[in-house]
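K.L.:
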Amino acid sequence: MSDHVEEQEMEAEALEAIFDVSFSVVHDAQPFVWSVRLVPVDCGGDESEELEHNHVAVKLVATIPPTYPEDCGPELDVEIERGLAEQHREEILGVARDEADANEGMPAIFAVCEAVRGWLADNNEKGLEDVSMHAQMMRKKKDEERSKAKQEQKFESQKKAEEMTEAELEEIAVRKRRADGTPCTEENFLAWKEQFDKEMEEEAAREVAEREREGGSNKKKGAATEIKSRRDAEREGRPTGYELFSGKAGTMNLEALEAAAEEAEEGSDEDDAVTVEDLDVDENLFDDDDDLDDLDFDDDDCDEEEPEI
0 MSDHVEEQEM EAEALEAIFD VSFSVVHDAQ PFVWSVRLVP VDCGGDESEE LEHNHVAVKL
60 VATIPPTYPE DCGPELDVEI ERGLAEQHRE EILGVARDEA DANEGMPAIF AVCEAVRGWL
120 ADNNEKGLED VSMHAQMMRK KKDEERSKAK QEQKFESQKK AEEMTEAELE EIAVRKRRAD
180 GTPCTEENFL AWKEQFDKEM EEEAAREVAE REREGGSNKK KGAATEIKSR RDAEREGRPT
240 GYELFSGKAG TMNLEALEAA AEEAEEGSDE DDAVTVEDLD VDENLFDDDD DLDDLDFDDD
300 DCDEEEPEI
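Each step along the sequence shown adds one to the number in numbering that gives the first Met the number 0, with nothing skipped, and position 309 is 308.
1. By DSSP's criteria, Arg96 is part of a beta bridge. Which residues make up the other side?
2. Looking at the strands, I want to know which residues DSSP matches up with Arg230.
3. Closer than 8 Å is the cut-off here; do at least three beta carbon pairs connect the stretch 17 to 30 with the stretch 46 to 55?
4. Would you call the stretch 108 to 117 in contact with the stretch 78 to 95, where contact means no fewer than 3 C-beta pairs closer than 8 Å?
5. Helix, strand or coil for Ala57, going by three-state DSSP, please let me know.
6. Helix, strand or coil for Glu12 per DSSP?
7. Starting from the C-beta of Asn122, find all residues in its chain whose C-beta is less than 7 Å away, skip the five residues before and the five after it, and write them out in chain order.
8. Once DSSP output is grouped into helix, strand and coil, what is the label at Phe18?
9. Grouping DSSP H, G and I as helix and E and B as strand, with all else coil, what is Val40?
10. Look at the alpha carbon of Ile171 and the alpha carbon of Gln157, and state the distance between them as a whole number of angstroms.
11. List the residues that DSSP assigns as beta-bridge partners of Arg81.
12. For Ile91, which of Trp118, Pro106, Cys71, Ala107 has the nearest alpha-carbon?
13. Give me the Cβ distance between Val32 and Phe18, rounded to the nearest whole Å; I'm assuming they're in contact under 8 Å.
14. If you measure between the beta carbons of Asp70 and Val60, is that distance less than 8 Å?
15. Looking at the unbroken alpha helix (DSSP H) that takes in Cys71, where does it start and where does it end?
16. Around the C-beta of Ile226, are 16 or more other C-beta atoms found within 10 angstroms, so that it is buried, or is it exposed?
17. Looking at the structure shown, is Leu75 part of a helix, part of a strand, or coil, going by DSSP?
18. Please name the residue in Ile63, Gly82, Arg81, Ala84 whose C-alpha comes closest to that of Glu74.
19. Is the beta carbon of Gln194 within less than 7 Å of some heavy atom of the ligand GTP?
20. Can you give me the C-alpha to C-alpha distance between Glu78 and Phe154, rounded to a whole angstrom?
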């Protein structure tokens with residue numbers, strides 16, 4: 000299989016995928032012959048909608064030479080299916096051939112089909128097949144009206160463009176400058192470089208100042224932490240208020256005092272009795288004799304309920 004045949008078959012597969020049932024292979028050996036049915040509006044195969052929306056239809060027939068598309072273009076013909084006269088066929092054929100020439104050297108059938116369909120869309124009117132003088136005059140009148148409407152639309156567009164305000168023109172100029180960009184010259188580059196270096200120096204100065212502030216703050220935090228640690232260490236060796244009152248730190252032991260009183264009452268052996276000397280008493284608490292005068296150590300006091308600590 001030559002390269003031309005392979006390329007032609009690939010184009011046929013692409014056309015079939017695009018136009019579906021509207022595309023058909025009339026002759027499947029070289030020279031290939033392909034046919035494509037074309038209408039202004041694609042209705043997806045719905046015949047009733049097609050008759051309603053499409054007043055004209057043609058069939059494009061392309062004969063593919065063996066060396067197409069590299070060395071020559073396709074041989075084209077047009078068959079009228081609905082709503083057109085012979086003069087329209089010649090006009091459509093001219094459009095198709097012009098498009099094929101514009102795509103010389105490359106696959107052109109799809110582009111030709113689109114050009115023909117564009118012509119059909121512009122002329123999708125009822126009664127074009129009527130070639131009588133009256134019908135031709137009516138069509139000519141419609142063509143003139145259509146041409147006049149296009150000219151008026153073009154004039155309105157030009158008038159609107161001329162009436163643009165200065166702000167709109169400036170906005171257009173700004174958008175154009177953004178799209179084009181700023182050309183780089185030695186002068187504007189040096190100006191940019193100077194501004195860039197200045198910004199970098201300011202950024203470096205800010206970073207140095209920030210580091211200095213962070214360093215001073217860390218020193219203050221370190222000194223405060225050291226003082227707190229020293230105070231915590233000093234507090235660790237001190238007894239709590241409860242320990243001082245309950246005798247756990249050696250100041251007074253009420254339980255031991257009660258035990259001594261009970262042993263004295265029961266007359267226990269001197270060896271087993273708890274004596275004052277056995278008590279763990281802080282004598283410094285009793286240096287003030289005036290406070291001892293108010294104490295009454297009668298036996299009845301020992302029977303009283305121990306105060307809650």
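From the three backbone atoms N, C-alpha and C, an ideal C-beta is built for every residue, glycine too.
Note that the structure is a prediction, hence the values are computed from the model and not measured.
P.N.:
Result, derived from the coordinates:
1. Arg96 pairs with nothing; no bridge assigned.
2. Its beta-bridge partners do not exist; DSSP assigns none.
3. no
4. yes
5. Here residue 57 is Val; the residue named in the question, Ala, does not match the sequence. In the displayed model, Val57 falls within a strand according to three-state DSSP.
6. helix
7. Val55
8. helix
9. coil
10. 16 Å
11. Ala56
12. The shortest C-alpha separation from Ile91 is found at Trp118.
13. Actually they are not in contact, since the Cβ atoms of Val32 and Phe18 sit about 15 Å apart, beyond 8 Å.
14. Annotated as distal: Asp70 and Val60, with beta-carbon spacing of 8 Å or more.
15. In the DSSP annotation of this structure, Cys71 is not part of any alpha helix (DSSP H), being labelled neither H nor E.
16. Answer is exposed; the Cβ neighbour count stays below 16.
17. strand
18. Nearest C-alpha to Glu74: Ile63.
19. Ligands are entirely absent from the displayed structure, and the ligand GTP is therefore not among its contents.
20. 39 Å
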